[in-house]
Amino acid sequence: MSADRTAQLDVVLHFAVNADVTVTAKRTFTNLADVQHPEQDLVGIAQSASQGAIVARQLDERPLMRDGEVLEAVPGVIVTQHSGEGKANQYFLRGFNLDHGTDFATAVSGIPVNMPTHAHGQGYSDLNFLIPELITGVQFSKGPYYADQGDFATAGSSNINYATVLDRPIVHVEAGGEGYARALAAASPQVGSGHLVAALEVAHNDGPWVHPDDFQKVNGVWRYSQGDVINGWAVTAMGYHGRWNSTDQVAQRAIASGAIDRLGAIDPTDGGRTYRYSGSLDWQHGSSHTLTKITAYSLGYDLDLFSNFTYYLNDPVHGDQIEQADHRFVAGGKIVHRRRGRWA
Numbered sequence: 176m177s178a179d180r181t182a183q184l185d186v187v188l189h190f191a192v193n194a195d196v197t198v199t200a201k202r203t204f205t206n207l208a209d210v211q212h213p214e215q216d217l218v219g220i221a222q223s224a225s226q227g228a229i230v231a232r233q234l235d236e237r238p239l240m241r242d243g244e245v246l247e248a249v250p251g252v253i254v255t256q257h258s259g260e261g262k263a264n265q266y267f268l269r270g271f272n273l274d275h276g277t278d279f280a281t282a283v284s285g286i287p288v289n290m291p292t293h294a295h296g297q298g299y300s301d302l303n304f305l306i307p308e309l310i311t312g313v314q315f316s317k318g319p320y321y322a323d324q325g326d327f328a329t330a331g332s333s334n335i336n337y338a339t340v341l342d343r344p345i346v347h348v349e350a351g352g353e354g355y356a357r358a359l360a361a362a363s364p365q366v367g368s369g370h371l372v373a374a375l376e377v378a379h380n381d382g383p384w385v386h387p388d389d390f391q392k393v394n395g396v397w398r399y400s401q402g403d404v405i406n407g408w409a410v411t412a413m414g415y416h417g418r419w420n421s422t423d424q425v426a427q428r429a430i431a432s433g434a435i436d437r438l439g440a441i442d443p444t445d446g447g448r449t450y451r452y453s454g455s456l457d458w459q460h461g462s463s464h465t466l467t468k469i470t471a472y473s474l475g476y477d478l479d480l481f482s483n484f485t486y487y488l489n490d491p492v493h494g495d496q497i498e499q500a501d502h503r504f505v506a507g508g509k510i511v512h513r514r515r516g517r518w519a
């Protein structure tokens with residue numbers, strides 16, 4: 176933040192009745208990471224067919240064009256994109272358009288992703304900071320039945336969990352057509368009585384456009400933890416920075432006349448830049464009958480998005496481009512306590 180900018184301060188305190196990384200059975204609490212076959216293991220655990228879990232094995236079997244497509248592992252979810260890869264995805268669930276996340280609540284390692292009163296759209300949910308190789312599982316719900324998931328869970332919700340330890344170091348170098356390149360390095364050394372997960376991702380993509388997207392992003396994750404997911408704690412820091420060009424919608428007559436190619440742009444100055452830096456603390460204590468979890472987090476976020484939907488309709492000289500700017504600091508927390516038992 177700088178002295179000439181106005182910052183929006185969001186302070187959020189959530190009291191919820193369920194945990195992000197556990198599912199419950201009649202006799203015990205079950206760690207999501209231990210669920211190997213959700214289609215069988217969650218029978219009698221999930222309260223309905225509208226709840227479920229996706230494990231890392233299932234994610235490994237899915238090809239991903241973009242990070243947000245992790246959510247396509249949730250039955251009925253479709254993730255797409257428009258106007259540049261750096262924007263938040265467009266989400267669909269059960270055939271309904273959820274825009275950029277307005278009706279679908281998402282959290283990563285306990286930190287809400289949806290942005291209230293966002294400059295581009297209510298509930299804006301940008302998942303470009305995800306590193307899929309670090310995800311251990313996704314818990315999801317569908318339908319408007321789960322008030323504990325917050326205001327944006329009108330159509331559904333997802334809770335994405337990051338690993339606290341890796342089986343082995345990861346080094347990936349990828350390259351493809353249309354300017355695609357990606358490099359990832361991650362390791363999980365033991366430090367003291369705990370484990371440190373450190374990961375760095377660098378990626379670039381131009382896409383098929385005449386005016387290249389030139390999408391550049393850098394992701395970093397640092398996570399130190401002790402104990403396990405039932406009794407333990409973790410400190411997590413995440414950072415993401417991205418910038419891109421956008422090829423927006425164009426008039427059919429411009430293509431038919433030969434003025435531009437079907438993959439061309441009318442305003443090549445459209446695009447954006449964004450960053451997201453967050454820190455969080457998770458503490459959890461459980462027994463055979465109770466489970467208590469406390470999460471505290473803060474994040475700094477910035478977006479400058481340049482769009483031109485009407486080109487030169489209103490201003491034939493300078494054009495109709497607009498800037499949507501969002502600069503904020505968010506702090507919040509969540510306290511969860513669960514007790515297994517029967518009503519008297």
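All residue numbers for the sequence shown refer to this note's numbering, where the first residue is 176 and numbers rise by one.
A virtual CB, placed ideally from N, CA and C, is assigned to each residue, including glycine.
Residue pairing by DSSP puts L268 in a beta bridge opposite V252 and F271.
Nearest to R437 by alpha-carbon distance, out of L246, A471, S333 and Q427, is Q427.
Annotated three-state conformation of Q314 is strand, per DSSP. In its chain, beyond the 5 residues on either side, T329 and A330 have a beta carbon closer than 6 Å to the beta carbon of D278. Inclusion of G312 and G298 in the CB contact set at 8 Å is not warranted, their separation being larger than that value. Rounded to whole angstroms, the separation of the alpha carbons of R448 and Q496 is 16 Å.
For I345, the enclosing beta strand (DSSP E) covers residues I345 to A350. With fewer than 16 other Cβ atoms from the protein chains shown falling within 10 Å of its own Cβ, D323 counts as exposed. Residue burial annotation: E244 is buried, with at least 16 other C-beta atoms found within 10 angstroms of its C-beta.
Its chain contains A280 as the residues whose beta carbon lies nearer than 6 Å to that of G325, once the 5 sequence neighbours on both sides are disregarded; these appear in chain order. Contact check for G369 against N303 fails: the beta carbons are separated by 8 Å or more. Check the Cα spacing between A361 and each of E349, Y355 and R343: the tightest is with R343. Of the residues L309, S258, T255 and V288, the one whose Cα lies closest to the Cα of D235 is L309. Residue state for R232 is assigned as helix, using DSSP reduced to three classes. DSSP places R241 outside any beta strand (DSSP E), giving it a letter other than H or E. Rounded to the nearest angstrom, the gap between the Cα atoms of Q499 and R515 is 47 Å.
Around the Cβ of A263, a 10 Å sphere holds 16 or more other Cβ atoms; the residue is buried. Counted as a single uninterrupted DSSP element, the stretch harbouring Q499 is not any alpha helix (DSSP H) but the beta strand (DSSP E) occupying residues I497 to R514.
If the five residues before and after A248 are omitted, its C-beta is found closer than 8 Å to the C-beta atoms of I229, Q233, L234, R237 and V313, all from its own chain and listed in chain order. In the three-state reduction of the DSSP assignment, I286 falls in the strand class. The three-state reading of DSSP puts Q297 in coil, since its state is none of H, G, I, E or B. Per DSSP, the beta bridge partners of F279 are G331.
Under the three-state reduction of DSSP output, I469 falls in the strand class.
For T422, the closest C-alpha among the options P307, I510 and G446 is that of G446. In the structure shown, D323 adopts helical secondary structure according to DSSP, grouped into three states.
The three-state reading of DSSP puts R428 in helix, counting H, G and I together. Under the three-state reduction of DSSP output, V372 falls in the strand class. Annotation for G407: S400, Q401 and Q459 place their beta carbon closer than 7 Å to its own, counting only its chain and skipping 5 residues before and after. Going by DSSP, D457 is part of the beta strand (DSSP E) stretching over G446 to G461. The straight-line gap separating the alpha-carbon atoms of F271 and G351 is approximately 33 Å. Under the three-state reduction of DSSP, L341 is assigned to coil, being neither helix nor strand. I469 and Q365 have their C-alpha atoms spaced approximately 24 Å apart. Within the DSSP bridge table, the entry for A360 names V346 and L375 as partners. The continuous beta strand (DSSP E) containing R398 extends over residues F390 to G402.
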